[in-house]
Every structure is written in C-alpha cells, then in structure tokens.
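K.L.:
Residue 575 is where the sequence shown ends in the working numbering, and the numbering goes up by one at each step.
Think of the CB as a built atom: it goes at the ideal place given N, C-alpha and C, for glycine as much as any other residue.
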Amino acid sequence: MMRPMFREGFEVSKKGVFLRDHKLIMLGVLLLAFVVACSIVIPMRAQNNYSYFRYWLRYYPMEDRENPKYAYPEIINVVLGPKYAPTTTIRYIGEPSLKSYHNFLLAYLNITYNMKYDHPPQDIVIEASLNLTNISGTIIVKIIMVRPDGLKILGFKDKFVGPDTTPAIIHIFGSNFIDDLKKELLKHGYSSVALNISDVNAVRYLFMDPSSMKTLSGKYTISMSILFLGSIKGNVSNVVENYYVRILGKAHGLMGTDNLRRDVLVATSTALKGTLLTSVIVAVLSTTLGLFIGMYSAFSNSIGSKIMRALIDSFNTLPYVPLIAILLWATATGRMSTNLSYPAWMMGVIISLFMWSRPAKGISGLSRKLLGEPFIEATRCLGAGRAHIMVRHLLPNLLEYYISQIVLSLPRSVIVVVLIGALGISIGPNLGTYIAQVAGPEMFTVSAWWVMVPSIFYLGTLGVGIALISYDIEKRFRRTL
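(1) Relative to the C-alpha of tyrosine 496, which residue among Ile483, Gly456, Phe469 and Gly466 is closest?
(2) Return the Cβ separation of phenylalanine 250 and asparagine 225 in integer angstroms, given the expectation that the two are a contact with Cβ distance under 8 Å.
(3) Quick one: is lysine 308 buried, meaning 16 or more other Cβ sit within 10 Å of its Cβ, or exposed?
(4) Considering Cα atoms alone, identify which of Ile519, Arg355, Phe538 and Cys132 is closest to valine 415.
(5) With contact counted as at least three CB pairs below 8 Å, one residue from each stretch, are the segment 365-379 and the segment 179-197 in contact?
(6) What is the rounded straight-line gap between the Cα of leucine 492 and the Cα of isoleucine 470?
(7) By Cβ distance, which residues of its chain are closer than 6 Å to valine 255, with the 5 residues on each side in sequence left out?
(8) Using 7 Å as the threshold, is the C-beta distance between proline 215 and glycine 312 below it?
(9) Beta-carbon of isoleucine 119 versus every beta-carbon of chain B: anything under 7 Å?
(10) Are there 16 or more other CB atoms within 10 angstroms of the CB of glycine 384, so buried, or fewer, so exposed?
(11) Please go through the same chain and pick out, in chain order, the residues whose beta-carbon is closer than 6 Å to the beta-carbon of valine 540, but skip the five residues on each side of it.
(12) Looking at aspartate 252: is its Cβ nearer than 7 Å to the Cβ of valine 235?
(13) Which residues bound the alpha helix (DSSP H) around asparagine 336?
(14) By the 10 Å Cβ neighbour count, where 16 or more other Cβ atoms means buried, how is alanine 222 classified, buried or exposed?
(15) Could you tell me which whole beta strand (DSSP E) segments of length 3 or greater appear in the segment 198-235?
(16) At which residue ranges does the segment 373-412 contain complete alpha helix (DSSP H) runs of 4 or more residues, listed in the order of the chain?
(17) Can serine 507 and serine 363 be called in contact, C-beta distance under 7 Å?
(18) Rounded to a whole number of angstroms, what is the C-alpha to C-alpha distance between alanine 296 and glycine 244?
(19) Throw me the rounded Cβ distance for the glutamine 531 and threonine 381 pair, which I believe falls under 8 Å.
(20) Nearest-angstrom Cα distance between leucine 280 and proline 304?
(21) Nearest-angstrom Cα distance between threonine 555 and alanine 561?
(22) For isoleucine 529 and glutamate 278, what's the separation of their Cα atoms in angstroms?
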C-alpha cells in the first residue's frame, strides 16, 4: 500500500516542480492560446467574405450588414460619454395603422430614432419590402423624416402597380433627403446653410440645428405612408413585409470599422488566423528541411556534406525577405500587378526554401557531436550505413531539439509573412495585407488610430508569448550548442 502512495506523491511532486521551474512557458502558452482563440471565434461567413467589398457595404437582408466607414469603437462612448452616435438597426414590428376614406385607404408605419449624441450618424439606410399580391391598382408610397424641430423632409415618393410589381423593394439612403432638406431650409430662412450643403457630408445636416450648427437632439420619426388608389382584394395589413431603418453611426462595434467598412475586430481576427496558419506552415517546413539537411551535412567524409555545409553558411547571410519578394514577383502568373495572390501552402514552401539554414546549422552541430558518441561509432564498425545512422540514432536524439526549433522559428516566420503581405503580395487574409490596405493617407487624415490597435495588440501578444517560451527553451539548449 505504501509504494503506490509514494509513487503518486512523487509524480505530483514532479508536476509541481515542472510548474515552478517553467512558469514562463506556462504564461507563454496561455498567451498563445488566447491569440489562437481570437483567430477562430469569428463567424465563418464573415471570414469567407473578408475580401468581398459588397459584403460589408450592401446586400440582403440589410439588417446588421451595412457598415459605416471609419467609425469609432463604441467603447469610446463609455469612456467619453455619449459623443458618437452608434450604428443600430431599427425594425418596424406590428401591423401598419390604417385610415379608411371614401374611395381610398391610407396606411402609416412610423419608426422613431432617439438622437442624444454630440456627433450625428454618417448616414441612414431605409429599406422596405412590399407585398402587392392582394393589391389590384396603383399605390403611392412616401417616406418622410420628421425632425424634433418640426421640419418634415421628403426622402422618397413613387408609384407601384400591383400585382405586376410583386415584390417591390425600396432601398434609399440619407442622400435622398438632401434635395428636400435644401427646400425646407430655404423656406425657414437658412439660405446660406442650404448653399453650403455638399454631396460629401450633406447627410449630417439631417441631424443638425442650422442656427447653431450643432447636433439637434430629440426624436426623429421616419414615417412611411402608403396610399391605396385601386381596388383591394383581401387583407392589406401585410402589404409591408419588412421595414428597416439602419443608422450608420460614427461608432460601430467593439473596435470600429476601417476604410472598406469592415468591422476592424472581424477583419483583424480573420487576418490573424491566416497569419498564424501560414507562419506555422513556414516554421514546420523550414525546420523539417533544416533537420534533414543538418543531419546530412554532419557527415564530413563526402562532397555532398561539404556542399551542404557551404549552403548553410551562404543562406545564413542572405537577406531572404527581399529575395522572397523578388521570387514571388518573378513567378507571378499573368500580367504584373500590385497585388499577387498565392495559397498559404505555396507561400509556405517558397519561404521555407530561404529559412531552413538557421535550424540546419544548430542541428548540424548537434549531429556532429552525436556522431562522436561511442554507440554510433560501434554501429559504424558493424557496417551501418549513413541512412541507418540518421534514422535510427540521430533522428530520435534530435526530436526534442527539432520541436524546440519549430517554436523558435515562429517569430521569424510571422515577421516574414507580415512583411511579405505588407509588400502587396497577398497570401490570403493576413495582418501584413490588412495593414497595407488600411495604413494609407486617408487613415492619417481622419486620425483613424483604432484600425491599427488590434493588429499591434495581436502581434505584440504573439511575440511576447513566443518569447517567454523561447527563453526557457534556449536556456535548456544553451550548453548543448
């Protein structure tokens, strides 16, 4: 009974000693696990549409899919107070209000938006789907915005004939209200303000007091009225199947949006996933290639071994990032362009052809020491060949060092992948490509600092995690090398 208890206590003690002596490794593993988790929690649909511009701009259904451009993170309202109007979708729920007259019927659908922020939204998007199956004749649809100051602005007015135009889709933006806004401002004596309204930033005037040029707080009612002029068959309460108002605010999501209207958190997490995948492929392939070349070069009695050692020394001195970029441009199919696309596995193979020399040098040194051991000398005397010694004796003894070199080569792989992406050579979604897309003059003009924060955070956390693990590994093999 005592012996099993002693063994169990001894094993627990060994685990405790490992945790005590390898705190840095455990912390590094936790940081890497956090980074990996951030790269896989994003919905697959958003990841697949990372580079599809229309996914982030406009598509059906509209709800939660149309994003503003260069919107602040919503958390800024928590820190600074209600400054920037957030992006939100308001959906009409219920049946329309009906008013019957002698020879026509009028339906109303009202959506209310409460404006309480210092900075108005960038734009509004209004969408409605009409079911005209039971309508025989003409209907007139009007969409009006009623401001808190009583100003009524017409944004849409058109005729539909049922059932020929079933279904009828209405999709308008804030710019549709601008012409009528100018007329209303002129009526109220704001001619100078009306003349200063431009096509670029005109939508903000919908939410501004023209006398003070500040945001007009209060309730905005977006009303859709439907006038039925023809004969009606059946129930018309379901004539409006969907009625949405999408407020494209100055703030959006946890980390805001970029110049392509992509959610920054979604885009950077997707780019992080691609960066990690390609970097792991590069680290594994380059270290594996270095393992076999290093073992082969350790044998000093052949011309091939000498050539391999010369290649290792030569490749260690090459600036491989510019060479990789030149090689990728040279092997591009089709005409030359500013954005070349390569699959992750092909990029991994190409980069590995330049990064194998550093692990190969360390493995070559360890292999030469192992070849001087008595058990390998005895194996040679018994007639064992080079392949037998490499597979049966060198490889098992180098396995631990091989795994450690994969970890140690990850930082270099990440840096190379990011730099290659930043040069405009796309290898799918990666942080380098994303940084190149957003870090332009426009970003500095609008001071969109938030688009770079997740990328810097992910790269920093990844670097610290790998550095903590690498420190313990290098300390372990320092004497051997």
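P.N.:
Let me lay it out:
(1) Sequence index remark: in the sequence shown, residue 496 carries index 402 (1-based). Considering only alpha carbons, the answer is Gly456.
(2) Counted from its first residue, the sequence shown places residue 250 at position 156. Counted from its first residue, the sequence shown places residue 225 at position 131. That belief does not hold up - the Cβ atoms of phenylalanine 250 and asparagine 225 are roughly 18 Å apart, past 8 Å.
(3) Here residue 308 is taken as the residue at index 214 of the sequence shown, counted from 1. Under this definition lysine 308 is an exposed residue.
(4) Stepping through the sequence shown from its first residue, residue 415 is reached at position 321. It is Ile519 whose Cα lies nearest to the Cα of valine 415.
(5) no
(6) What you label residue 492 is simply residue 398 of the sequence shown in a count that begins at 1. What you label residue 470 is simply residue 376 of the sequence shown in a count that begins at 1. If you take the alpha carbons of leucine 492 and isoleucine 470, they lie about 14 Å apart.
(7) Residue mapping note: residue 255 aligns to position 161 of the sequence shown, counting from 1. Closer than 6 Å at the Cβ level, and outside the excluded window around valine 255, lie Thr232.
(8) By 1-based counting over the sequence shown, the position of residue 215 is 121. By 1-based counting over the sequence shown, the position of residue 312 is 218. Their beta carbons are not under 7 Å apart, which means proline 215 does not touch glycine 312 by this criterion.
(9) No chain B appears in the structure shown, which is made up of a single protein chain.
(10) By one-based count along the sequence shown, residue 384 stands at place 290. When all chains shown are included, glycine 384 counts as buried.
(11) Residue mapping note: residue 540 aligns to position 446 of the sequence shown, counting from 1. Counting only Cβ-Cβ distances below 6 Å, and skipping sequence neighbours, we find Tyr164.
(12) Position 158 of the sequence shown holds residue 252. Position 141 of the sequence shown holds residue 235. In contact: aspartate 252 and valine 235 (Cβ atoms closer than 7 Å).
(13) As a working mapping, residue 336 is identified with position 242 in the sequence shown. That residue, asparagine 336, is in no alpha helix (DSSP H); its beta strand (DSSP E) goes 334-342.
(14) If you number the sequence shown from 1, residue 222 lands on position 128. It counts as buried.
(15) 199-209 and 217-224
(16) 397-410
(17) Residue 507 sits at position 413 when you count from the first residue of the sequence shown. Residue 363 sits at position 269 when you count from the first residue of the sequence shown. Contact: no.
(18) Residue mapping note: residue 296 aligns to position 202 of the sequence shown, counting from 1. Residue mapping note: residue 244 aligns to position 150 of the sequence shown, counting from 1. Each residue's alpha carbon lies about 19 Å from the other.
(19) For the purposes of this step, residue 531 is taken as the residue at position 437 of the sequence shown. For the purposes of this step, residue 381 is taken as the residue at position 287 of the sequence shown. Actually they do not touch by this definition, with Cβ atoms about 31 Å apart.
(20) Numbered from its first residue, the sequence shown carries residue 280 at position 186. Numbered from its first residue, the sequence shown carries residue 304 at position 210. Taking the straight line from one Cα to the other gives about 11 Å.
(21) By one-based count along the sequence shown, residue 555 stands at place 461. By one-based count along the sequence shown, residue 561 stands at place 467. Taking the straight line joining both Cα atoms gives about 10 Å.
(22) To locate residue 529, count along the sequence shown from 1; it is residue 435. To locate residue 278, count along the sequence shown from 1; it is residue 184. Approximately 44 Å, taken between the alpha carbons.
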